[in-house]
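In numbering that gives the first Met the number 0, the protein residues as written are 0 to 118. For each residue, glycine too, the CB sits at the ideal point set by N, CA and C. No experiment lies behind these values; they were computed from the predicted model shown.
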Amino acid sequence: MDTWILLSLLTGTIAVYYYFFKDLNFFKKHGILHKPPWPIVGNMVPVFLRQLSVAEIVQNVYNLNQDAKYVGFFDSMNPVVVIRDPDLIKSIGVKNFESFPDRRPFIDEDNDPLLGKHI
């Protein structure tokens, strides 16, 4: 009986660890310049502590390297890529728009059907 409890506890701990830490090396794996994240909260600690706004976090990440075409940060546990290169922005926004279906909505599509589909 004690063996099953210990085994269940160990399995649960490994599952929780994997869930919270699996994506923390996302940008390193893809070779994208990024700010190192904290587990669970990502790069949003200053936002939670009301030291910076989300816009200031994005601006700080944007200014990490002036030569980079894109940079990344973690919004809690979700990796976010910030595109810096105008040609790459044009390519994504015009030519390859339909290839990015998992983009974050800027405006809720239920409130504004026209602007809800914009990138």
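* Please work out which residues of its chain come closer than 6 Å, Cβ to Cβ, to F73, disregarding the five sequence neighbours upstream and downstream, and give them in chain order. => P36, G41 and N42
* Given a threshold of 16 other Cβ atoms within 10 Å of its Cβ, counted over all protein chains shown, does G71 qualify as buried or as exposed? -> buried
* CB contact flag (V81, Y69, <9 Å) -> yes
* Give me the Cα-Cα distance between E97 and S90, rounded to the nearest whole angstrom. => 11 Å
* Three-way DSSP call (helix, strand, coil) for N59 in this model -> helix
* Asked: Which same chain residues, not among the five before or five after I88, have their C-beta less than 7 Å away from its C-beta?
  -> I82
* When we look at the beta-carbon of V15 and count the other beta-carbons within 10 Å, is it buried (16 or more) or exposed? -> exposed
* Can you name the start and end residues of the alpha helix (DSSP H) that G11 belongs to? -> D1 to F20
* Asked: Nearest to F124 by alpha carbon, out of V93, I39, K94 and T2?
  -> For residue 124 there is no data in the structure shown, the boundaries of the chain being 0 and 118.
* With distances taken from CA atoms, which of D86, P78, F99 and D109 is nearest V26? -> Reading the sequence as shown, one finds Phe at residue 26 and not Val. For the residues D86, P78, F99 and D109, the minimum Cα distance to F26 belongs to P78.
* Asked: Between which two residues does the beta strand (DSSP E) carrying P78 extend?
  -> N77 to I82
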